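**Student:**
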Amino acid sequence: MSEAGARGAMSAPRPGSASPKGRRRRGSPTSVGAWPLAFIGLLMLGVAVFYYWPIVKNIIISFQQTNAFGGDPEFVGVDNYKALFADPSLMSSIGNTLLYTVIVLLGIPLSVAIASMIELPGLRWKSLYRTLFFMPYLAMPMAIGQVWKIVYNGNFGILNQVLRALGVSDPPYWIVTPGFAIVAVSIFGLWSSIGFNVIILSSGLKGISRELYEAASIDGATGVKQFRWITVPLLTPSIFFLTIMTTIGGFQLFDVLFAMIGNGNPAESRTRSLVTLFYKQAFVNSDQGTGAAIAIVILVFVAIVTVIQFIGQKKWVNYV
Amino acid sequence: MARKQGNVSQKRFIPVHILLILGGLFMVFPFIYQILMSLSTNPEIQSVPPKFIPDSWQWHNYSDVFTRLPFLHQFWVSVEITVLRTGVQLLLCAMAGYAFARMQFKGRGLLFGLLLAILMVPGQSYLIGQYQVIQNFGLLETPWGIVLPGFFSAFGVFLMRQAFMSLPVELEEAARLDGCNPWQAFWRVMFPLVRPSLFAVMITTVLWSWNDLLWPLIVTTREESMPLSVGIATLAGQHSTDYALMMAASTMAMAPIFILFFSMQKRVIEGLATSGLKG
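Protein chains in written order, with the working numbering: chain U, 1264 to 1583; chain Z, 103 to 381.
Encoded structure:
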């Protein structure tokens, strides 16, 4: 029952759902009085107080010098931005954030391979496999990150014990070595993200008509050709969706990083992401002006990359 | 006979099964390892070569979590914020979604557009402002401070609006003819019919609320007012070498989500797929 229901909801945006009948009767009971206000009033008030106003406030603060010990903030123009761009930690944070995002994006082709194997018609244990790959997505990054930290431990961690057994005499102390640490964190991030990808791709795969494959096999197209010319093209909308979500999620890198890199880690300054830098400035150093400026940089960064992706999609995404 | 055919055809899937089992093991290994470590002693965890199966199961690691850490406190904060946030958000989003889908009013398109605009803005751009608002309300260090901004979800409204738009108008008209006012038509007739979408919103909200880190980290600084997601972080700082205790605590911090989700597995996966397709 729930399956049918979910499908129904999925097809919601399709045409025909907007009702011409509702519009026909002007002054129908739904349009009178304060009812709409009663239905959306509280939500819109909350949104105004907790989203619109804070965004406006953030823009204002980014042009101010705030005083950690109280007192009125002072207008300083673009000084916060100037100081920010003069600070090398901004560029290294952008670099780390981009590196992380690229590594997590590699999870998408991997997930396409996994999902298309799981959804092979006739394959047994589908739901077991779906569950196995899905589990990391449920895990609290902070909690499971502690396990990964032990796996990456330089002395007794399994990774290095395996590497030593394979003949690597001096494996790196992953998460405390600048340069290796961000890669180690990214692999943890990749592991966490695959489950969601597989779910989205699986439901995309289920939407592809079996008849297409039957027609293709009559024409002599075998497994790999079917995959290349039917599966992949028809999956591009899901892949595009995941690309956008993964990129935006990658730019928000905080949880997995925070879980792995603690205070006093020698690699800390080399693993900072844009969001970590933001958190540190605004809430640890109580420098809200610079923090707000970083937030604006993230906003612009996300906007630019999203626009580029939307322009680029015309070249490779097929909408049926 | 069909079953026999199925058995025969599994043979050509053997390489696929092998790949999926290997991949699956890689996915679940950290969880299995975590549970094994939570039942070991610290020297066993740090032994070279690795010792996966402890000599004797250290069940007391789990009870130690309650006596040595403020675990129970933080667990209740997590439960409280998750239940509150999910409940209020579902109701507010359903109401607003219904209004945007089914009521004619001035400025509807504009308001809905303004609402969706929030989805395009990264969270950091309102975090400082939200912090100031919560501070001005005097709600720092409280569960209300943690949940309040999360009551209002543009994504939830969007999802619910789509769900209401897919329902036939005739149902509502029938309710009207029977003398229902808009609230009754919404609550008694329409609300129960959008259950699958409510479920999709619920899953994402529960998961997000239980595991959320950055916002509660900012709003709470005292151990007893933190949810588990933040509590584990402070734990990791203070008890970084007591691995067994950490593993027991982090296992228990994740357990409720896993229990909840495995008990409704099929619907969870469908719900997430639905919410994903909406994005």
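The beta-carbon is built from N, C-alpha and C at its ideal position, and this holds for glycine as well. Keep in mind the model is a prediction, meaning the values are calculated, not measured.
1) Applying the 10 Å Cβ sphere with the 16-neighbour rule, what's the burial state of residue 187 of chain Z?
2) Short of 8 Å in beta carbon distance, which residues of its chain neighbour residue 1541 of chain U, apart from the five on each side in sequence? Order them along the chain.
3) In the structure shown, what three-state DSSP assignment does residue 1337 of chain U receive?
4) Along the alpha helix (DSSP H) that carries residue 1388 of chain U, what are the first and last residues, could you check?
5) Could you tell me if residue 1340 of chain U is buried or exposed, where buried requires 16 or more neighbouring beta carbons within 10 angstroms of its beta carbon?
6) So residue 254 of chain Z contacts chain U; which residues on that side make the cut at Cβ distance below 8 Å?
7) Check each residue of the stretch 158 to 173 of chain Z: if its Cβ is closer than 8 Å to any Cβ of chain U, include it; give the result in chain order.
8) What does residue 289 of chain Z reach in chain U if we use C-beta pairs closer than 9 Å?
9) Determine the direct distance from the alpha carbon of residue 1417 of chain U to that of residue 1536 of chain U, and round the result to whole angstroms.
10) Less than 8 Å between the beta carbons of residue 1574 of chain U and residue 1453 of chain U, yes or no?
11) Output needed in chain order: residues of the stretch 1458 to 1473 of chain U with a Cβ under 8 Å from some Cβ in chain Z.
12) Is it the case that the Cβ atoms of residue 350 of chain Z and residue 144 of chain Z are separated by a distance below 8 Å?
13) By how many angstroms is the C-alpha of residue 1493 of chain U removed from the C-alpha of residue 1363 of chain U?
14) Does residue 365 of chain Z pass the burial test, meaning 16 or more other C-beta atoms within 10 Å, or should it be called exposed?
15) Strictly below 8 Å CB to CB, what residues from chain U border residue 312 of chain Z?
16) What three-state label does DSSP hand residue 160 of chain Z in the structure shown?
17) State the beta-bridge partners of residue 191 of chain Z as determined by DSSP.
18) Do you know how far the Cα of residue 1343 of chain U is from the Cα of residue 1336 of chain U?
19) At 4 residues or longer, what runs of the alpha helix (DSSP H) sit wholly inside the stretch 197 to 256 of chain Z?
20) Using alpha carbons as the reference points, say which of U/1357, U/1527, U/1371 and U/1377 lies closest to residue 1440 of chain U.
21) With a cut-off of 8 Å on the beta carbons, I'd call residue 1405 of chain U and residue 331 of chain Z a contact; round off their distance for me.
22) Using a Cβ distance threshold of 8 Å, determine whether the stretch 114 to 124 of chain Z contacts the stretch 242 to 257 of chain Z, with at least three qualifying pairs required.
23) Counting pairs of Cβ atoms below 8 Å between the stretch 1452 to 1466 of chain U and the stretch 1388 to 1403 of chain U, do you hit three or more?
24) So what does residue 1327 of chain U bridge to, in DSSP terms?
25) Hey, how far is the Cα of residue 329 of chain Z from the Cα of residue 238 of chain Z?
26) Can you find at least 3 beta carbon pairs, one from the stretch 220 to 230 of chain Z and one from the stretch 302 to 312 of chain Z, that sit closer than 8 Å?
27) What residues in its chain sit with their C-beta under 8 Å from that of residue 1546 of chain U, if we drop five residues either side in the sequence?
28) Pull up the distance between the alpha-carbon of residue 281 of chain Z and that of residue 130 of chain Z, whole angstroms please.
29) Which residues, in chain order, does the stretch 272 to 286 of chain Z contribute to contact with chain U at a C-beta distance below 7 Å?
30) List the residues of chain Z whose Cβ lies closer than 8 Å to the Cβ of residue 1437 of chain U, in chain order.
31) Figure out for me which residue from U/1521, U/1480, U/1447 and U/1408 has the closest Cα to the Cα of residue 133 of chain Z.
32) Beta-carbon of residue 136 of chain Z versus every beta-carbon of chain U: anything under 8 Å?
33) Does any residue of chain U have a CB that is nearer than 8 Å to the CB of residue 218 of chain Z?
34) Using 7 Å as the cut-off, classify the Cβ of residue 1329 of chain U as near or not near the heavy atoms of the ligand FAD, replying yes or no.
35) Can you tell me whether residue 274 of chain Z is buried or exposed, with buried defined as 16 or more other CB within 10 angstroms of its CB?
36) Flag residue 1348 of chain U as yes if its beta-carbon sits less than 8 Å from any beta-carbon of chain Z, otherwise no.
**Tutor:** Considering the structure as presented:
1) Under this definition residue 187 of chain Z is a buried residue.
2) Listed in chain order, the non-local C-beta contacts of residue 1541 of chain U below 8 Å within the same chain comprise 1554, 1557, 1558 and 1561, local neighbours out to five positions each way being set aside.
3) Reduced to three states, the DSSP call for residue 1337 of chain U is strand.
4) Careful: residue 1388 of chain U lies outside any alpha helix (DSSP H) and carries neither H nor E.
5) Exposed, since its Cβ has fewer than 16 Cβ neighbours within 10 Å.
6) Chain-ordered, the chain U residues with CB closer than 8 Å to the CB of residue 254 of chain Z read 1306, 1309, 1310, 1313 and 1314.
7) Listed by position along the chain: nothing, the set is empty.
8) For residue 289 of chain Z, no chain U residue has a Cβ inside 9 Å of its Cβ, as the nearest lies near 11 Å away.
9) Each residue's alpha carbon lies about 23 Å from the other.
10) It is not a contact, given that the beta carbons lie outside the stated cut-off.
11) Per Cβ criterion, the list reads 1458, 1459, 1462, 1463, 1465 and 1466.
12) Going by C-beta atoms, residue 350 of chain Z is not nearer than 8 Å to residue 144 of chain Z.
13) Separation of residue 1363 of chain U and residue 1493 of chain U (C-alpha to C-alpha, rounded to the nearest whole angstrom) is 31 Å.
14) So residue 365 of chain Z counts as exposed.
15) From the beta-carbon of residue 312 of chain Z, the residues of chain U found nearer than 8 Å are 1403.
16) Residue 160 of chain Z: coil per DSSP, three-state reduction.
17) Per DSSP, residue 191 of chain Z has no beta-bridge partner at all.
18) C-alpha separation (whole angstroms): 13 Å.
19) Those alpha helix (DSSP H) runs which fall completely within the stretch 197 to 256 of chain Z and span 4+ residues are 210 to 219, 226 to 238 and 245 to 249.
20) Residue 1440 of chain U has its Cα closest to that of U/1527, out of U/1357, U/1527, U/1371 and U/1377.
21) Their Cβ separation, rounded to whole angstroms, is 5 Å, which keeps residue 1405 of chain U and residue 331 of chain Z in contact under 8 Å.
22) Touching, no.
23) Taking 8 Å as the limit for Cβ pairs, the verdict is that the stretch 1388 to 1403 of chain U does touch the stretch 1452 to 1466 of chain U.
24) In DSSP, residue 1327 of chain U forms a bridge with U/1338.
25) So the alpha carbons of these two residues sit roughly 22 Å apart.
26) When C-beta atoms of the stretch 220 to 230 of chain Z are compared with those of the stretch 302 to 312 of chain Z, fewer than three pairs fall below 8 Å, so the two segments do not count as touching.
27) 1554, listed in sequence order.
28) The alpha-carbon atoms of residue 281 of chain Z and residue 130 of chain Z are separated by roughly 55 Å.
29) Only those residues of the stretch 272 to 286 of chain Z whose C-beta falls short of 7 Å from the nearest C-beta of chain U are listed: 278 and 284.
30) Here the premise fails: no neighbours, minimum Cβ distance about 15 Å.
31) The shortest C-alpha to C-alpha distance from residue 133 of chain Z to any of U/1521, U/1480, U/1447 and U/1408 is the one to U/1408.
32) Taking a beta-carbon distance threshold of 8 Å, residue 136 of chain Z counts as an interface residue toward chain U.
33) No, because no Cβ of chain U sits closer than 8 Å to the Cβ of residue 218 of chain Z.
34) Of the ligands one can find in the structure shown there are none, so the ligand FAD has no counterpart to examine.
35) Under this definition residue 274 of chain Z is a buried residue.
36) Taking Cβ atoms only, chain Z never reaches closer than 8 Å to residue 1348 of chain U, which makes this a no.
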